[in-house]
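Mapping to the UniProt record's numbering: the sequence shown position 93 is 93, numbers consecutive.
Here a beta-carbon is modelled for each residue, glycine too, at the ideal position from N, C-alpha and C.
Inspection log for the structure reproduced underneath, given as C-alpha cells.
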Amino acid sequence: MAYMYEHIPGTDFVPVFASAVLDGLIPGEVQERQGSLLISLTRGIHYAAGRAGEGSFDLLAGKLDEAEKNGRRFTLFSGSAELDQFISGQFGERLNKHHRHSFQNFSPVPKLSTKSSDVSFFPLDRESAGEYPEFRMDYFSTYWGSIEHFLRSGFGIRVLMGEQAAGECVSIFRSNEFAEMDIHIAESARGKGLGAMLAARFIKTALGKNLQPRWDCSAANLASKKLAEKLGFSEPAEYLVFTLPKQG
Numbered sequence: 001m002a003y004m005y006e007h008i009p010g011t012d013f014v015p016v017f018a019s020a021v022l023d024g025l026i027p028g029e030v031q032e033r034q035g036s037l038l039i040s041l042t043r044g045i046h047y048a049a050g051r052a053g054e055g056s057f058d059l060l061a062g063k064l065d066e067a068e069k070n071g072r073r074f075t076l077f078s079g080s081a082e083l084d085q086f087i088s089g090q091f092g093e094r095l096n097k098h099h100r101h102s103f104q105n106f107s108p109v110p111k112l113s114t115k116s117s118d119v120s121f122f123p124l125d126r127e128s129a130g131e132y133p134e135f136r137m138d139y140f141s142t143y144w145g146s147i148e149h150f151l152r153s154g155f156g157i158r159v160l161m162g163e164q165a166a167g168e169c170v171s172i173f174r175s176n177e178f179a180e181m182d183i184h185i186a187e188s189a190r191g192k193g194l195g196a197m198l199a200a201r202f203i204k205t206a207l208g209k210n211l212q213p214r215w216d217c218s219a220a221n222l223a224s225k226k227l228a229e230k231l232g233f234s235e236p237a238e239y240l241v242f243t244l245p246k247q248g
C-alpha cells in the first residue's frame, strides 16, 4: 500500500516507519482529511504529509492535545517544507524542533576489517533480542508494537568481544523496500572499528533480503554522518521532527 502515498502533492520525505505501517508490517493508524495524511504508531510517533491546512490542523491538534493531557510522547515527522512552516506556525510554542538527515542513496563499499581478532557476530533471535541494554523489550514495543512483530519482520546483528556483548545493530523500522538501521557500540568496545564492521554486517543482511539499507541521524551528529559516508551512504536529505518537551 505504501506506493499509494509516494506521490502525494507537496510531500518531500516519507520515513520508513510510515511505509512499514502502510505495508502492514507494523501496527499503526492512518487518517486522511481534506488532502492531509497522518500516520501514527501506538507509542506517540507520527508522520504528517499532504496538504497543510485545516485538515492537518485538526489531525495534529487532536493527537497533541491528547499527548499533553496524558503526559505521553509526541514525536512528529514532517513530510515537506510547507508542513514545516505550518507546524512551526500553528504549534511552535508547544513543540521542540529537531533537524535530521536521511541518507537517500547507498552504494556498496569494499569490505571493512576490524582491529580485533576476538570478535564474533550473531543474528538476533528470540533468546538474545531485548537483552542488550540499549535495545530492551520496551524499545521493540515502541518501534515495532511488540517483540513478536520484530522477530517476524525485523532483524538485527549482535557483536561479541570474547563472551561480552559489545554492540548491536537492529532494524528500527523495516518496510517492503527499506531497512532503517539503529546501531550502538558499548563504551568499552569503541575505537576498534566495531561500529563500521557491525553496520556492514547489517547492510549485507539487508541486501540479502532485497532491502535497501537506510541511515538516519541528527543533522548535528558529525560522527554518525561520517560513518554513514564510510559505509557507502550519500545524498543526505534534511527534514524536521517536532517533539513535545518532556514533562516533570
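- The beta carbon of L59 sits closer than 7 Å to the beta carbons of Q31, R33, S36 and L38 from its chain, once the five residues preceding and following it are set aside; these are given in chain order.
- Here H101 is buried: its Cβ has 16 or more other Cβ atoms, across all protein chains shown, within 10 Å.
- In the structure shown, A166 adopts extended strand secondary structure according to DSSP, grouped into three states.
- Distance from the CA of N70 to the CA of L244, rounded to the nearest whole angstrom, comes to 12 Å.
- A Cβ-Cβ distance of about 13 Å is found for the pair V159 and F135, leaving them out of contact under the 8 Å criterion.
- If you look at K97, you'll find it isn't in any alpha helix (DSSP H); it sits in the beta strand (DSSP E) that goes N96 to F106.
- Annotation: L95 to H46 spans about 14 Å, alpha carbon to alpha carbon.
- Burial state of D118 is exposed, judged by a 10 Å Cβ sphere holding fewer than 16 other Cβ atoms.
- In the three-state reduction of the DSSP assignment, Y132 falls in the coil class.
- By the 16-neighbour rule on beta-carbons within 10 angstroms, G62 is exposed.
- Excluding residues up to 5 positions away in sequence, G232 and S234 lie with their Cβ nearer than 8 Å to the Cβ of S107 in the same chain.
- Counting C-beta atoms within 10 angstroms of its own C-beta, M181 has 16 or more neighbours from the protein chains shown and is therefore classed as buried.
- In terms of CA proximity to I157, A200 leads the group N105, A18, G191 and A200.
- Straight-line spacing of the CA atoms in I26 and R43 works out to 12 Å.
- G50: member of the beta strand (DSSP E) spanning I45 to G50, first to last residue.
- Rounded to the nearest whole angstrom, the CA to CA distance from G79 to L222 is 23 Å.
- Each residue's CA atom was taken as its position, placing E66 and Y239 some 25 Å apart.
- Only residues of its own chain outside the window of five on either side were considered, and among them L151 have a CB closer than 7 Å to the CB of R126, listed in chain order.
- The C-alpha of T205 lies about 20 Å from the C-alpha of D23.
- Under the DSSP assignment, Q34 falls outside any alpha helix (DSSP H); it carries neither an H nor an E label.
- Secondary structure at E235: strand, using DSSP grouped into helix, strand and coil.
- For a cut-off of 8 Å, the C-beta gap from E168 to H184 is around 6 Å, short enough to register as a contact.
- In summary, M197 is buried, with 16 or more beta-carbon neighbours lying within 10 Å of its beta-carbon over all protein chains present.
- Counting C-beta pairs closer than 8 Å gives fewer than three between the segment 187-195 and the segment 170-178, which falls short of the contact rule.
- Inter-residue distance for F91 and P123 is about 42 Å (C-alpha atoms, whole angstroms).
- Taking a C-beta distance under 7 Å as the contact criterion, A52 and E82 qualify as a contact pair.
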